[in-house]
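*Asks:* Below you'll find the structure I mean.
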Amino acid sequence: MGERTISLNDKIVRLRGVFIEQLPGRIAEARRLFDRLQADPTVGEAATSLHRHLHNTKGTAASFGFLELSALASKGEEFTKAILEKPGSLTKDSWQQLSECLTDMERMLDQSLLQADSTPGQSEQLIFEMPSTKNTEYGTSNERLIYICDDEILTAEQLSTQLQCFGYKTVLFNNTADLRDAALKKQPDAVIMDIIFPEGNSEGTKVLSDLREKHGIRFPAIFVSARRDFDARLRAIQAGGEAYFPKPVSALELVASLDLLTRHSEPESFRVLVVDDEPEIAQYHALILENAGMVTRTTDVLETVLDVVGEFKPDLVLMDMYMPRCSGYDMAKLIRQVPDYVGLPIVFLSSETDQKKQFSAMRVGVEGFLTKPIDPDYLVTSVALRAERMRVLRSLMMRDSLTGLFNHTAIAQFLDSAIGRARRQNHTVCFAMIDVDRFKSVNDSYGHPVGDQVLLALARVLQQRLRDTDLVGRYGGEEFAIIMHDVMLEKAEQTMQQLREDFSKVLFHAGDVDFFCTFSCGVAAFPQLKCVETLIEAADKAMYQAKHSGRNRVVIYAT
């Protein structure tokens with residue numbers, strides 16, 4: 000933690016140092032523009048440039064804690080606004096005051112004065128710990144330990160087998176004493192507990208209450224029982240139960256509950272593009288956001304903004320309002336003209352305090368206006384809230400409504416991006432197509448709600464057993480698609496074979512009927528196949544070859 004804090008402080012100090020080094024040139028340029036403007040107040044270019052220089056200096060100085068310098072620049076900026084709005088309006092006294100502002104700024108070039116004026120930014124106090132929980136290997140860190148305690152051995156074993164198909168590691172206990180001893184030695188990620196045992200009709204809840212109250216051991220608990228009465232449910236709640244299922248238990252419902260209780264992976268970091276013609280202040284704000292776990296990109300080259308947006312794919316653009324050649328207003332309009340970016344949140348971060356100008360920024364589709372200098376906590380919160388809203392809206396457009404997986408369009412786009420990145424990095428990409436065997440027969444025999452349960456079960460198996468870096472989608476109907484980054488074809492085949500075996504063991508219920516399902520799978524790889532279309536077509540052909548060869552198998556496309 001200490002090293003990370005020092006690293007942030009060092010970076011901010013370095014940016015401050017760069018700003019101080021640049022100040023003589025900044026103020027000299029401001030003086031040059033002033034002299035030119037005083038000689039001819041109608042020179043619009045000089046007035047605009049001087050206004051931008053003072054505006055930028057005001058915001059950057061304040062952000063780095065140089066408050067007196069910022070105040071002087073702000074005072075000078077007000078004079079330049081009057082010149083811009085009505086050339087020739089400044090009195091002789093006003094010109095004198097503007098000149099004195101520049102003189103006072105020149106006086107502050109004395110390093111000692113700047114250091115005396117500098118106050119540590121709140122950002123230096125920020126400490127964020129962002130542990131990585133990404134699972135990048137097959138069958139490793141996603142495995143969660145579940146204790147199952149039930150004196151009905153066959154029921155517990157059947158439940159254990161089902162949970163293992165979804166990636167859970169299970170340990171069985173047929174009495175509460177063994178469970179208590181095991182929990183005291185090693186806590187599970189969750190426990191599935193019967194209520195009725197030979198010792199009593201509420202023994203299960205009593206044991207977990209004892210672990211909580213006497214030993215301070217707490218873990219998610221799910222109770223399963225033949226009891227359906229109010230007293231049993233109440234005791235389960237009071238013992239810390241997070242869910243309650245009457246027997247016989249649906250494995251799919253149980254898995255859904257376990258997923259909610261035990262899945263603690265970090266969401267993908269927000270991606271923020273910072274656009275500012277002041278590189279140091281752009282890096283400063285980027286550092287604050289990065290320390291909060293976000294991924295940032297900065298640019299001061301306005302001509303490249305659209306290219307950077309397309310490549311970086313930000314969740315939000317944080318942009319200065321006053322920039323050379325192109326104002327923030329114009330850049331926001333320019334971005335909004337691209338159909339794919341109509342919904343991309345754009346937030347202005349500027350030292351502009353004129354409320355009318357802030358309001359006009361909202362009229363061009365800007366999501367918000369933040370004023371420099373900004374409190375680091377407020378900056379992080381403001382960006383995170385807007386980026387999260389963008390994520391939710393984007394997810395609604397990219398996700399299948401039944402399974403929550405990526406939809407057909409999203410998978411095709413991701414595959415195109417994956418191939419582009421693999422081509423640049425000289426990596427491989429494997430693409431798998433899956434089709435549930437005899438799915439029409441399932442729908443016809445048991446009804447569409449049962450068919451939906453089959454699709455949901457397959458979606459869960461795929462999500463649980465694959466790496467966090469793999470992308471899973473419902474391609475349409477009973478077809479699913481998987482994008483596997485940087486994995487060899489042999490490993491991809493091995494992984495799909497394991498998934499096929501796991502899914503074939505999932506038990507489904509339709510009234511009094513129990514049944515199993517299987518799937519057929521085809522796999523193709525880049526760089527053997529060079530583009531999205533040929534990769535999808537090859538995987539599809541291999542999948543149908545698997546079906547024609549007897550179903551319930553994995554076939555690798557042979558070129």
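The sequence shown begins at 0 in numbering that gives the first Met the number 0 and counts up one residue at a time. Don't be surprised by glycine CBs; every beta carbon is placed ideally from N, CA and C. Everything numeric in this text was worked out from a predicted model, so none of it was measured.
Please confirm whether L144 and A182 have their CB atoms less than 8 Å apart.
*Replies:* Not in contact: L144 and A182 (Cβ atoms no closer than 8 Å).
*Asks:* Tell me the DSSP bridge mates of E478?
*Replies:* DSSP, once it has assigned bridges, lists D434, G475 as partnering E478.
*Asks:* Specify whether the region 271 to 283 and the region 312 to 329 touch according to this definition: at least 3 beta carbon pairs, one from each stretch, less than 8 Å apart.
*Replies:* Cβ pair count under 8 Å is three or more, so yes.
*Asks:* Thinking just about the alpha-carbon of each residue, which of Q463, S326, K529 is nearest to the one in D276?
*Replies:* Answer by Cα proximity: S326.
*Asks:* Using 8 Å for Cβ pairs, my map puts Q463 next to F165. What's the rounded Cβ distance?
*Replies:* Contact holds; Cβ gap of about 5 Å.
*Asks:* With DSSP run on the structure shown, which of helix, strand or coil describes Y543?
*Replies:* Residue state, collapsed to three classes: helix.
*Asks:* Per DSSP, what kind of secondary structure is T408 in: helix, strand or coil?
*Replies:* T408 falls in the helix class under three-state DSSP.
*Asks:* Could you check whether the Cβ of H52 sits closer than 7 Å to any heavy atom belonging to the ligand NAD?
*Replies:* Of the ligands one can find in the structure shown there are none, so the ligand NAD has no counterpart to examine.
*Asks:* In chain order, what residues of the same chain have a beta carbon less than 7 Å from the beta carbon of A545, not counting five sequence neighbours either side?
*Replies:* So the list reads S519, C520, G521, R552, V553, V554, once near-sequence residues are dropped.
*Asks:* Check K168 in the structure and name its three-state DSSP category.
*Replies:* Strand, per DSSP.
*Asks:* Anyone know if the C-beta pair for A81 and A72 falls short of 8 Å?
*Replies:* No. Outside cutoff.
*Asks:* Tell me which residue opens and which closes the beta strand (DSSP E) that R270 is part of.
*Replies:* First-last of the beta strand (DSSP E) with R270: 270 to 274.
*Asks:* Whose CA, out of A38, D353, Q412, R31, lies closest to the CA of T102?
*Replies:* Measuring from the Cα of T102, the nearest candidate turns out to be R31.
*Asks:* For the candidate residues D436, A480, F525, whose alpha-carbon lies nearest to that of S503?
*Replies:* With distances taken between Cα atoms, S503 lies closest to D436.
*Asks:* Name the DSSP bridge partner or partners of D548?
*Replies:* The question names Asp, but residue 548 is Ser in the sequence shown. S548 pairs with nothing; no bridge assigned.
*Asks:* Look at the Cβ atom of G367, then the Cβ atom of S349, and state whether they are nearer than 8 Å.
*Replies:* Not closer than 8 Å, so no.
*Asks:* Using a threshold of 8 Å, state whether the C-beta atoms of S224 and A242 are closer than that.
*Replies:* The answer is no: Cβ separation not under 8 Å.
*Asks:* Quick check: M432 and L315, are their CB atoms within less than 8 Å of each other?
*Replies:* Not a contact, by the Cβ cut-off of 8 Å.
*Asks:* Compare the beta carbon distance of V273 and A285 with 8 Å and say whether it is the shorter of the two.
*Replies:* For V273 and A285, yes; Cβs fall inside 8 Å.
*Asks:* Contact check, L465 vs Q161 under 8 Å by CB: the rounded distance?
*Replies:* That belief does not hold up - the Cβ atoms of L465 and Q161 are roughly 19 Å apart, past 8 Å.
*Asks:* Would you grab the beta carbon distance between I410 and G342 for me? Rounded to a whole angstrom, and I think it's under 8 Å.
*Replies:* With 8 Å as the limit, I410 and G342 do not qualify as a contact, their Cβ atoms being about 20 Å apart.
*Asks:* With respect to the alpha helix (DSSP H) encompassing E279, which residues constitute its N-terminal and C-terminal limits?
*Replies:* From DSSP, the alpha helix (DSSP H) with E279 extends over 278 to 290.
*Asks:* For the candidate residues G476, A421, V512, V460, whose alpha-carbon lies nearest to that of Q527?
*Replies:* Nearest C-alpha to Q527: A421.
*Asks:* Taking the CB atoms as reference points, tell me whether K57 and S69 lie closer together than 8 Å.
*Replies:* Yes, these two residues count as a Cβ contact at 8 Å.
*Asks:* Please report the Cβ distance between A386 and V300, rounded to the nearest whole angstrom; I am assuming they are in contact, meaning their Cβ atoms lie under 8 Å.
*Replies:* Wrong, their Cβ atoms sit about 23 Å apart, outside the cutoff.
*Asks:* Is it the case that the Cβ atoms of H50 and E84 are separated by a distance below 8 Å?
*Replies:* No, the Cβ-Cβ distance between H50 and E84 is not below 8 Å.
*Asks:* Quick one: residues in its chain with C-beta nearer than 7 Å to the C-beta of S169, no 5 flanking neighbours on either side, listed in chain order?
*Replies:* It is Thr, not Ser, that sits at residue 169 in the sequence shown. Closer than 7 Å at the Cβ level, and outside the excluded window around T169, lie I145, I147, S159, L162, Q163.
*Asks:* I221 and I195 look like a contact to me (Cβ under 8 Å); what is the Cβ gap, rounded to whole Å?
*Replies:* With 8 Å as the limit, I221 and I195 do not qualify as a contact, their Cβ atoms being about 15 Å apart.
*Asks:* DSSP three-state call for G199: helix, strand or coil?
*Replies:* Three-state DSSP puts G199 in a strand.
*Asks:* State the Cα-Cα distance for the pair F413 and L488, rounded to the nearest angstrom.
*Replies:* Computed Cα separation, rounded: 19 Å.
*Asks:* Per DSSP, which residues does H484 bridge with? Please list them.
*Replies:* BP columns for H484 point to V428.
*Asks:* Out of I26, I481, A250, which one is the CA nearest neighbour of L461?
*Replies:* Measuring from the Cα of L461, the nearest candidate turns out to be I481.
*Asks:* Once you ignore the five residues that flank M293 on each side, which residues in its own chain have a CB closer than 6 Å to its CB?
*Replies:* Excluding residues within five positions, the ones whose Cβ falls inside 6 Å are S268, F269, V271.
*Asks:* Of all the alpha helix (DSSP H) runs that stay within the bounds of the region 332 to 411, which reach a length of 4 or more residues?
*Replies:* DSSP runs (the alpha helix (DSSP H)) wholly in the region 332 to 411: 354 to 361, 375 to 397.
*Asks:* Note the first and the last residue of the continuous alpha helix (DSSP H) segment covering F78.
*Replies:* Run containing F78: 66 to 84, per the alpha helix (DSSP H) assignment.
*Asks:* Which residue's Cα is closest to the Cα of Q95: F63, T408, F33, P23?
*Replies:* Nearest of F63, T408, F33, P23 to Q95, Cα basis: F33.
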